[in-house]
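Enquirer: Chain order of the listed sequences is A and B. This note's numbering numbers the first residue of the first sequence as 38 and each following residue consecutively. This note's numbering numbers the first residue of the second sequence as 38 and each following residue consecutively.
There are 2 protein chains.
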Amino acid sequence: MADARDTSFRYLTLLQLIPRYPGSISTPVLKEKLAERGFHIDTRSLQRDLSEKLSTHFPLGCDDTQKPYRWYFDRDFQCQLPALDVPSALTLVLAEEYLKGLLPPVVIGQLSPQFTDARRLLDELSSNGLSQWARKVRAIPNGKALIPAELDETTWQVVAQALLEQKAIDVNYLSRTTETEKALILHPQGIVSRHSVTYLLAQVDGFDDLRQFALHRVKNAAISETAWQVRAGFNIDTYIQSSAFGYRQGSKDVTLDAEINRSVAWLLKETPLSSEQSISPTNKSGWYRLTALVPDDQQTLWWLMGMGANVKVHAPSTWRDELKASAERVLAHYLEDSDPHLSGVNHG
Amino acid sequence: MADARDTSFRYLTLLQLIPRYPGSISTPVLKEKLAERGFHIDTRSLQRDLSEKLSTHFPLGCDDTQKPYRWYFDRDFQCQLPALDVPSALTLVLAEEYLKGLLPPVVIGQLSPQFTDARRLLDELSSNGLSQWARKVRAIPNGKALIPAELDETTWQVVAQALLEQKAIDVNYLSRTTETEKALILHPQGIVSRHSVTYLLAQVDGFDDLRQFALHRVKNAAISETAWQVRAGFNIDTYIQSSAFGYRQGSKDVTLDAEINRSVAWLLKETPLSSEQSISPTNKSGWYRLTALVPDDQQTLWWLMGMGANVKVHAPSTWRDELKASAERVLAHYLEDSDPHLSGVNHG
DNA sequence: GGCTGGTGCGACAAGACATGCCGCAAGTAA
DNA sequence: TTACTTGCGGCATGTCTTGTCGCACCAGCC
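Printed below as a string of C-alpha cells:
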C-alpha cells in the first residue's frame with residue numbers, strides 16, 4: 038500500500054491500529070503490524086511517534102505499569118475521515134431513535150461514538166442553539182416498543198467476538214425453567230435479535246443439538262480454551278423458518294386476498310405489504326380489494342390482527358379461520374363477564 | 038487546538054474539511070478554514086499538500102475544470118479513527134438489518150459507508166470466509182415490516198439541510214387528494230418518521246398553519262432564496278400528541294390491568310411493557326395478572342390487539358370496550374359470509 | 001548475586017523534507 | 001488591455017525526522 042517513508046501517512050496507519058479503551062496494543066506488536074503494512078521503522082521512532090507526536094494531538098492513553106507499554110484510545114473518541122455531513126448526521130439521529138426500542142442499551146452503546154458525533158455536529162451547526170434539532174426530529178416506531186432486556190456489556194462483546202472468530206465460550210446461564218445458574222461451555226453458531234430480546238444460538242459442549250440462549254441471562258462470559266465445535270451445514274434462515282422461534286413460516290409465499298378500508302388502502306399504497314401487491318376499488322363504498330404476495334409467517338398474521346376490523350381476509354383460508362377464531366376467543370373473554378351464561382364459549 | 042506547525046496534524050484537519058463526493062471544497066476556502074483552526078500556511082503549501090501528499094494516499098478527487106480547483110473524497114470512502122472493533126461491527130450489521138424495514142433505502146444509503154465498513158471488517162476477519170458472519174446474524178423485527186416508501190436522495194439531503202440550517206425550500210408536491218403536482222415554498226419545522234413513511238412538518242409560504250408532507254411525494258427539492266419563517270413556540274412532541282398523526286395520545290399515562298397467558302407473561306418478564314409493571318399468578322392455571330403503567334396511545338392498543346386472545350384487558354375500560362367492539366366487528370366480517378342471515382350485525 | 005534480554009529514553013548527526021517566496025502562465029472579469 | 005486569481009515549478013533555508021548509540025531499569029534465570 039504505502040511503500041516509502043511517508044511520515045504523516047504512517048501516523049494515520051498507526052492511529053488505525055490502536056484500539057479503543059477496553060483494548061490496547063503494545064509497542065512491539067505495533068511495530069510488527071506497521072512492518073506488515075510496509076513501514077519498516079526503528080523501534081525508537083515508533084516510541085517517539087507515540088509519546089511525542091500522537092499523544093499530544095490525540096486522546097491517547099498509555100498503560101506504563103508493565104514494560105512493553107500498551108497504548109489505547111480514549112473510550113469515547115471518534116473521528117470520521119470525511120467528516121459527517123448534515124444529512125448523514127440527521128439520519129444517524131433518526132436511526133438512534135428507532136434502535137433505542139429495539140436493541141439493548143449496551144449494544145447501542147457500541148455505536149454511541151457515532152451517535153454522539155452526529156449530535157455534536159448538529160449542535161455545532163448552530164452554536165446559538167437556533168437549530169434545536171432535537172426538537173425537530175421524531176420517530177414513531179411501527180410496533181409497540183417494549184423495553185429491551187438489560188444486557189451486560191462484556192457479555193455482548195465476548196459473544197460477538199466468539200461468534201465471529203469461531204471460539205467457544207465459558208458462561209454461567211440462568212435457566213428459565215429451573216431458575217438456577219449453571220456453568221456451561223457454549224459453541225456459538227448465530228445470533229438472532231427478535232423483538233427486543235437477543236438470542237445466541239449455540240451448542241452446549243458435548244451435545245449436538247442447537248439451543249437458544251437469551252443473551253441477557255448469560256453471565257460471566259469469557260472466551261474459552263475449548264476448541265470450537267463446527268456445526269456442519271448450519272443455515273440460520275432455515276433454522277428460523279423451521280419455526281424455532283414460533284414463526285410458523287411456510288417456505289413459500291402465499292397470496293393474500295382481502296378487503297381493506299380506505300385508511301389501510303392509503304397506508305399500503307405508500308408502504309406496500311410486498312413488492313407484488315394490487316389495490317382496487319370494490320362496489321362497497323370506502324372499501325378496496327387487496328391482493329398481495331406475502332410471506333406465510335406470524336409477523337404478517339399479527340399485522341393483520343392489529344388492523345382489526347379495517348381488514349377482512351378472504352384467503353388464505355388458514356388465516357381467515359385463525360382471525361375468526363381469535364376474534365371469537367377475544368369476544369368470549371369479554372362476554373363471559375357481562376353475560377355469565379355465555380362463559381361456556383371456548384376460550385382455550 | 039493545534040497552534041504550531043505540525044504537518045501531520047494539519048493533514049488530518051485538512052482531510053476532515055474535505056466533504057464526500059456530491060460536495061466539494063475549493064482551495065481558497067480550505068486555506069481560510071485552516072487559518073480559522075490556527076494553521077496559517079502559504080497557499081502554495083496547501084496546493085502541495087493536496088496534489089502531492091494527500092491525493093497519493095487517499096481517494097481524493099479534484100475538479101480542475103474551473104480554476105479554483107475543487108476537492109472531494111470518493112463517494113464511498115470511509116475511515117474510522119479508532120478502527121472498528123469486532124463487536125461494534127456486528128452491532129452495525131444488526132442495526133442495518135433492523136433499519137432496512139424502517140427507513141427508505143436512500144436514507145440508509147446515507148449511512149452506507151459505515152455499514153460497508155463494518156461488513157468489510159467482518160469479511161476480512163476471516164479471509165478464508167470461515168466466519169460467514171452474514172449467515173450468523175438475523176433480526177426479526179417486532180412489527181410487520183412494510184416496504185418503506187421510495188424517496189429521492191437529493192430530496193432527503195435538501196430537506197435535512199434546510200431543516201437544520203433554517204432555510205426555506207422550493208418543492209413540487211404531489212397532493213394526495215387532488216393528485217396534481219404543485220410548486221410550493223415550504224418552511225420546514227420538523228421531521229417525523231412514522232412506520233415506514235417520513236413526513237416533513239412545514240408551513241406553506243404565506244400561511245400560518247403547520248401541514249404534513251410525505252417526503253416521498255416531494256419532488257425537485259432545492260434550498261430556496263426565500264427567508265425562513267420562524268414558527269414561534271413550536272414543540273414537536275406537543276404536536277404529535279395533539280393527535281396530528283392519529284395517535285389519540287392522552288397526555289397522561291394509564292394503568293393497564295389485564296390477564297395474560299403464560300407465553301405473554303414470559304415475553305413481558307424479559308421485555309417489559311413499561312418500567313412500572315407487575316406480573317403475578319392468578320387462580321386460573323396458565324394465566325397471570327398484569328398491571329403496568331403505559332402511555333395512552335394507539336401503539337399500545339395495537340399491541341394489545343395483536344396479542345389477540347392471549348390478553349384480556351380489564352382496565353382502562355375504554356380499551357376494553359374498543360377491543361371488544363373490534364372483535365365484534367371482525368367476527369361480523371367473517372360471519373356475514375358463512376351465515377348470511379347474520380349480516381345485519383354492525384360492522385361500521 | 002550477577003547475567004541477559006527486552007524495553008524505554010535522551011542525545012546526536014546526517015539527511016530528508018516542508019515551507020515560504022518568487023516568477024511565470026493561464027484563465028477570467030472589469 | 002489590465003488587473004486579479006489561481007496553479008505550478010524552482011530554490012534556499014531551516015526545521016524535523018530518523019537511525020544509531022549509550023544508559024537505565026526491570027524481570028527472569030542460572
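Positions of the beta carbon are idealized from the N, C-alpha and C atoms, including for glycine.
I'd like to confirm the pairing. Which residues does DSSP put opposite L237(A) in its beta bridges?
Expert: Beta-bridge pairing links L237(A) to I228(A), F250(A).
Enquirer: Any beta carbon from chain A within less than 8 Å of V229(B)'s own beta carbon?
Expert: Chain A contact via Cβ: present.
Enquirer: Using a Cβ-Cβ distance under 8 Å, would L188(B) count as near chain A?
Expert: For L188(B), the answer is no, since every Cβ of chain A falls outside 8 Å of its Cβ.
Enquirer: Quick check on DSSP: helix, strand or coil for M342(B)?
Expert: DSSP places M342(B) in helix when its eight states are reduced to three.
Enquirer: Can you give the beta carbon distance from D111(B) to G98(B), rounded, assuming they're within the 8 Å contact cut?
Expert: Rounded, the Cβ-Cβ distance is 7 Å, consistent with contact.
Enquirer: By Cβ distance, which residues of its chain are closer than 8 Å to P377(A), with the 5 residues on each side in sequence left out?
Expert: Because P377(A) carries a pLDDT of 43, less than 50, the predicted location of this residue cannot be relied on, and the following value inherits that uncertainty. Answer for P377(A): no residue qualifies.
Enquirer: Using DSSP's beta-bridge definition, name the partner residues of V350(B).
Expert: Answer by DSSP bridge pairing, in chain order: A295(B).
Enquirer: Tell me whether K219(A) is buried or exposed, calling it buried when 16 or more other Cβ atoms sit within 10 Å of its Cβ.
Expert: Looking at its Cβ environment, which holds fewer than 16 other Cβ atoms inside 10 Å, K219(A) is exposed.
Enquirer: What is the DSSP secondary structure of E313(A), reduced to helix, strand or coil?
Expert: It is coil, neither helix nor strand.
Enquirer: Do you know how far the Cα of K256(A) is from the Cα of G243(A)?
Expert: Approximately 20 Å, taken between the alpha carbons.
Enquirer: Check this for me: beta carbons of L188(B) and P225(B), under 8 Å apart or not?
Expert: Not closer than 8 Å, so no.
Enquirer: Can you give me the C-alpha to C-alpha distance between I177(A) and V301(A), rounded to a whole angstrom?
Expert: Rounded to whole angstroms, I177(A) to V301(A) spans 18 Å at the Cα level.
Enquirer: For the alpha helix (DSSP H) that contains L71(A), what are its first and last residues?
Expert: Run containing L71(A): 64-73, per the alpha helix (DSSP H) assignment.
Enquirer: Span of the alpha helix (DSSP H) holding V130(B)?
Expert: Where V130(B) is concerned, the enclosing alpha helix (DSSP H) stretches over 123-137.
Enquirer: Should V267(A) go down as buried or exposed, given a rule of 16 or more other Cβ atoms within 10 Å for buried?
Expert: Under this definition V267(A) is an exposed residue.
Enquirer: Let me make sure I understand the geometry here. Which of L52(A), G138(A), L304(A) has the alpha-carbon closest to that of V234(B)?
Expert: Cα-wise, what sits closest to V234(B) is L304(A).
Enquirer: Can you name the residues of chain B whose CB is closer than 8 Å to the CB of A132(A)?
Expert: Ordered by position in chain B, the residues that pass the 8 Å Cβ test against A132(A) are A132, L136, L140, L148.
Enquirer: Which class does A265(B) belong to by DSSP, given the choice of helix, strand or coil?
Expert: Here the sequence assigns Trp to residue 265(B), which means Ala is not the residue at that position. Coil at W265(B), not helix or strand.
Enquirer: Is H378(B) helix, strand or coil when you go by DSSP?
Expert: The predicted model places H378(B) with a pLDDT of 41, which falls under 50 and marks its position as unreliable, so this point remains unresolved.
Enquirer: Cβ closer than 8 Å: which chain B residues qualify as neighbours of G75(A)?
Expert: Simply none; closest approach about 12 Å.
Enquirer: Can you give the beta carbon distance from S261(A) to I206(A), rounded, assuming they're within the 8 Å contact cut?
Expert: That belief holds up - the Cβ atoms of S261(A) and I206(A) are roughly 5 Å apart, short of 8 Å.
Enquirer: What does A251(B) touch in chain A if you count any residue whose Cβ is under 8 Å from its own?
Expert: Neighbours of A251(B) on chain A, chain order: E307.
Enquirer: Is there at least one Cβ from chain B nearer than 8 Å to P318(A)'s Cβ?
Expert: It does not: the Cβ of P318(A) has no partner Cβ on chain B nearer than 8 Å.
Enquirer: From the beta carbon of R357(B), is the nearest beta carbon of chain A less than 8 Å away?
Expert: Yes, R357(B) counts as interfacial toward chain A.
Enquirer: Tell whether a beta-carbon distance below 8 Å holds between K90(B) and T80(B).
Expert: Cβ atoms of K90(B) and T80(B): not closer than 8 Å.
Enquirer: Could you tell me the boundaries of the alpha helix (DSSP H) in which I260(A) lies?
Expert: I260(A) -> not in any alpha helix (DSSP H); beta strand (DSSP E) instead, spanning 255-260.
Enquirer: Using Cβ-Cβ distances below 8 Å, what residues of the segment 323-353 of chain B are close to chain A?
Expert: Correct list: Q336, T337, W339, W340, M342, G343, G345, A346, K349.
Enquirer: Quick check on DSSP: helix, strand or coil for D40(B)?
Expert: Model confidence at D40(B) stands at a pLDDT of 49, short of 50, so the residue's coordinates are unreliable; what they give is reported in the following sentence. Correct three-state label for D40(B): coil.
Enquirer: Which residues of chain A have a Cβ atom closer than 8 Å to the Cβ of G6(B), listed in chain order?
Expert: Outside the shown range of chain B, which is 38 to 385, sits residue 6(B), and nothing can be said about it.
Enquirer: Indicate whether E296(A) and K349(A) have their beta-carbon atoms separated by less than 8 Å.
Expert: Closer than 8 Å, so yes.
Enquirer: Would the segment 330-350 of chain B and the segment 335-347 of chain A be scored as touching if the rule is three or more Cβ pairs under 8 Å?
Expert: Judged by Cβ distances under 8 Å, the segment 330-350 of chain B makes contact with the segment 335-347 of chain A, as three or more pairs qualify.
Enquirer: Three or more C-beta pairs closer than 8 Å, one from the segment 322-341 of chain A and one from the segment 325-334 of chain B: is that the case here?
Expert: The answer is no - the segment 325-334 of chain B does not touch the segment 322-341 of chain A, with fewer than three Cβ pairs under 8 Å.
Enquirer: Just checking: is the beta-carbon of T275(B) within a distance shorter than 8 Å of some beta-carbon in chain A?
Expert: No - not a single Cβ of chain A is within 8 Å of the one on T275(B).
Enquirer: Can you tell which of C116(B), L221(B), Q198(B), T292(B) has its C-alpha closest to the C-alpha of I228(B)?
Expert: Checking every option, the nearest Cα to that of I228(B) belongs to Q198(B).
Enquirer: So L158(B) and L121(B) are supposed to be a Cβ contact under 8 Å. How far apart are they, rounded?
Expert: Sure, about 5 Å apart at Cβ, within 8 Å.
Enquirer: Buried or exposed: which applies to A259(B), given that a residue is buried once 16 or more other Cβ atoms fall within 10 Å of its Cβ?
Expert: With fewer than 16 other Cβ atoms within 10 Å, it is exposed.
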